[in-house]
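S.K.: Residue numbers (the working numbering): 14 to 364.
So that we are looking at the same thing, I have put the structure below in structure tokens.
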Ligand code: PMP
């Protein structure tokens, strides 16, 4: 009997069907991998590789749903312009969906975001307006306020506004959630998520509340963000700054239903970076900084449990966008985020 060649064995059958009509047909249906090389206490920890979406991140899903919804509602028409405030990934998704359809894409991106993301956006044909990362909501150069202003002043513009657009959480409620549920055989004790726009949290929270009320939604938040402290104390404090990209907020986005969160962890940048690097060195998974935050919180949650649990988290995007940051020893040392920097070796080299 013929045996299956080993290199095709891990491919999902659904990816082996006859040719797809467009790369956008490959959005979603991302694989789940169990992490076996980490100390997960009594728990089993799984990661869903959203980095395998064609645009390289979890945001492909919402780009598809927000554009389709806007077209359906008639607020985006041929020849129109899509405007968005983005850490980069939503912009990549929107450009991937919108440029082949002939839309003009204008993206307002805070200047702390990686050079690779900005280069990728420009290569896709999007117009990128970089703005300050060090200002808060209400400041004219704040990226969301700027995007809203540009949209208001551009005829035929649609402001996607992932922070308040209901098509964002809906994409996760109808695709990401059901996929996780099926892939984990209908047995999920906890899902660990971050909040940028809140779409993932709210979509997954709504889905699991319906099918599996025992499933806890756990928030992984960068230290400096206001969200985890708000959940713990009920007080909305002042935001600090953090280096992780794509998650953490200085306000509560309308799309983030924090009442769905069972427990929240604040994760210092140093731990997020170390976790992302360990995910690569231990498991061979190249993930971005926000995935490091999620993994660090998921590991803390797992190790705190007294009974076996099945826990899942996300690899939101790929680390190849952060090779010059998270995976660069010199950059980490310059930022004071190196594990080794405590011992002085890399500091000395950089000085
Ligand atoms: N990780 C990364 C890298 C992101 O860009 C984002 C979104 N900005 C998220 C996580 C957070 O997802 P959400 O917007 O659904 O809260």
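Virtual Cβ for every residue (Gly too), placed ideally from N, Cα, C.
(1) List the residues that DSSP assigns as beta-bridge partners of residue 97.
(2) Quick check: the stretch 165-185 against the stretch 299-314, are at least 3 beta-carbon pairs closer than 8 angstroms?
(3) What's the call for residue 202, buried or exposed, on a 16-neighbour Cβ count within 10 Å?
(4) Grab the span of the alpha helix (DSSP H) containing residue 334 for me, first residue to last.
(5) Nearest by alpha-carbon distance to residue 346: which of 283, 314 and 189 is it?
(6) Please report the Cβ distance between residue 324 and residue 311, rounded to the nearest whole angstrom; I am assuming they are in contact, meaning their Cβ atoms lie under 8 angstroms.
(7) Report buried or exposed for residue 29, applying the criterion of at least 16 other Cβ atoms within 10 angstroms of its Cβ.
(8) Please state the DSSP three-state secondary structure of residue 189.
(9) I need the straight-line Cα distance from residue 73 to residue 248, nearest angstrom please.
(10) So, do the stretch 85-102 and the stretch 47-59 have three or more beta carbon pairs nearer to each other than 8 angstroms?
(11) Buried or exposed for residue 349, please, with buried defined as at least 16 other CB atoms from any protein chain shown within 10 angstroms of its CB.
(12) Starting from residue 184 and walking both ways along the alpha helix (DSSP H), at which residues does that stretch end?
(13) To the nearest angstrom, report how far apart residue 291 and residue 165 are at their CA atoms.
(14) Determine the extent of the alpha helix (DSSP H) in which residue 234 is found, giving its start and end residues.
(15) Going by DSSP in three states, residue 213 sits in which element: helix, strand or coil?
(16) Let me check one thing: in DSSP terms, what residues is residue 352 bridge-paired to?
(17) Taking 7 angstroms as the line, does the beta carbon of residue 330 fall inside it for any heavy atom of the ligand PMP?
(18) What separation, rounded to the nearest whole angstrom, lies between the Cα atoms of residue 43 and residue 195?
(19) State the Cα-Cα distance for the pair residue 209 and residue 259, rounded to the nearest angstrom.
(20) When every heavy atom of the ligand PMP is checked, does at least one fall within less than 7 angstroms of the C-beta of residue 69?
(21) Mark residue 213 as exposed unless 16 or more other C-beta atoms lie within 10 angstroms of its C-beta, in which case mark it buried.
(22) Rounding to the nearest angstrom, what Cα-Cα distance links residue 62 and residue 46 in this structure?
(23) Rank 100, 112 and 133 by C-alpha distance to the C-alpha of residue 124 and give the top, closest one.
(24) Here's the rule: buried if 16 or more other CB atoms are within 10 angstroms of the residue's CB, otherwise exposed. What is residue 266?
(25) With residue 97 and residue 173 assumed to form a contact (beta carbons below 8 angstroms), what rounded beta-carbon distance in angstroms separates them?
(26) I'd like to confirm the pairing. Which residues does DSSP put opposite residue 59 in its beta bridges?
(27) Just list the residues that DSSP pairs residue 144 with in beta bridges.
(28) So residue 106 packs on residue 76, CB below 8 angstroms; how close in whole Å?
(29) Between the alpha carbons of residue 364 and residue 343, how many angstroms are there, rounded?
(30) Between residue 210 and the ligand PMP, is there a pair consisting of the residue's CB and a ligand heavy atom that are separated by less than 7 angstroms?
(31) Taking 7 angstroms as the cut-off, does the CB of residue 213 come closer than this to any heavy atom belonging to the ligand PMP?
(32) So is residue 186 buried or exposed if we call it buried at 16+ other beta carbons inside 10 Å?
M.R.: Straight from the coordinates:
(1) For the purposes of this step, residue 97 is taken as the residue at position 84 of the chain shown. In DSSP, residue 97 forms a bridge with 120.
(2) no
(3) Sequence index remark: in the chain shown, residue 202 carries index 189 (1-based). It is buried - the Cβ of residue 202 has at least 16 other Cβ atoms within 10 Å.
(4) Translated into the one-based positions of the chain shown, residue 334 becomes position 321. Element bounds for residue 334: n/a, residue is neither H nor E.
(5) Residue mapping note: residue 346 aligns to position 333 of the chain shown, counting from 1. When only C-alpha atoms are compared, the closest one is 283.
(6) Numbered from its first residue, the chain shown carries residue 324 at position 311. Numbered from its first residue, the chain shown carries residue 311 at position 298. Contact flag correct, Cβ pair sits at about 6 angstroms.
(7) Within the chain shown, residue 29 is the residue found at index 16, counting from 1. Its Cβ having fewer than 16 others within 10 Å, residue 29 is exposed.
(8) Position 176 of the chain shown, counted from the start, is the residue given in the question as residue 189. Of the three classes helix, strand and coil, the one that applies to residue 189 here is helix, per DSSP.
(9) By 1-based counting over the chain shown, the position of residue 73 is 60. By 1-based counting over the chain shown, the position of residue 248 is 235. Approximately 33 angstroms, taken between the alpha carbons.
(10) no
(11) Locating residue 349 in the chain shown gives position 336, counting from the first residue. Looking at its Cβ environment, which holds fewer than 16 other Cβ atoms inside 10 Å, residue 349 is exposed.
(12) Translated into positions along the chain shown, residue 184 becomes position 171. 180-184 is the span of the alpha helix (DSSP H), which, as asked, contains residue 184.
(13) Your numbering for residue 291 matches position 278 in the chain shown. Your numbering for residue 165 matches position 152 in the chain shown. Roughly 44 angstroms separates the two Cα atoms.
(14) Stepping through the chain shown from its first residue, residue 234 is reached at position 221. No alpha helix (DSSP H) holds residue 234; the beta strand (DSSP E) holding it covers 229-235.
(15) Stepping through the chain shown from its first residue, residue 213 is reached at position 200. Three-state result, residue 213: helix.
(16) Here the question's residue 352 lines up with position 339 in the chain shown. Partner(s): none; residue 352 has no beta bridge.
(17) Counted from its first residue, the chain shown places residue 330 at position 317. Flag set: Cβ of residue 330 near the ligand PMP.
(18) Your numbering for residue 43 matches position 30 in the chain shown. Your numbering for residue 195 matches position 182 in the chain shown. The alpha-carbon atoms of residue 43 and residue 195 are separated by roughly 12 angstroms.
(19) As a first step, residue 209 is located in the chain shown; it is residue number 196 there, counting from the start. As a first step, residue 259 is located in the chain shown; it is residue number 246 there, counting from the start. Spanning the two alpha carbons is a distance of roughly 6 angstroms.
(20) Taking the chain shown and counting its residues from 1, one reaches residue 69 at position 56. No; taking the cut-off as 7 angstroms, the Cβ of residue 69 has no heavy atom of the ligand PMP nearer than that.
(21) On the chain shown, residue 213 is found 200 positions in, with the first residue counted as 1. The residue in question, residue 213, is buried, as its Cβ has 16 or more Cβ neighbours within 10 Å.
(22) As a working note, residue 62 is residue 49 in the chain shown. As a working note, residue 46 is residue 33 in the chain shown. Taking the straight line from one Cα to the other gives about 8 angstroms.
(23) Here residue 124 corresponds to residue number 111 of the chain shown, with the count starting at 1. When each option's Cα is compared against that of residue 124, the closest is 100.
(24) Against the chain shown, residue 266 aligns to sequence position 253. When all chains shown are included, residue 266 counts as buried.
(25) As a first step, residue 97 must be located in the chain shown, where it is residue number 84. As a first step, residue 173 must be located in the chain shown, where it is residue number 160. With 8 angstroms as the limit, residue 97 and residue 173 qualify as a contact, their Cβ atoms being about 4 angstroms apart.
(26) Against the chain shown, residue 59 aligns to sequence position 46. Answer is 47 and 325.
(27) Numbered from 1 along the chain shown, position 131 holds the residue referred to as residue 144. Residue 144 pairs with 123.
(28) The residue labelled residue 106 in the question sits at position 93 within the chain shown. The residue labelled residue 76 in the question sits at position 63 within the chain shown. Correct: roughly 3 angstroms between the Cβ atoms.
(29) By 1-based counting over the chain shown, the position of residue 364 is 351. By 1-based counting over the chain shown, the position of residue 343 is 330. Its pLDDT being 34, under 50, residue 364 is placed unreliably by the model, and the measurement read from it follows with that caveat. Those two C-alpha atoms are separated by around 10 angstroms.
(30) As a first step, residue 210 must be located in the chain shown, where it is residue number 197. Checking every heavy atom of the ligand PMP against the Cβ of residue 210, one is found closer than 7 angstroms.
(31) Counting from one through the chain shown, the residue named residue 213 turns up at place 200. Answer for residue 213: yes, Cβ within range of the ligand PMP.
(32) Residue numbering aside, residue 186 sits at position 173 when the chain shown is read from its first letter. Looking at its Cβ environment, which holds 16 or more other Cβ atoms inside 10 Å, residue 186 is buried.
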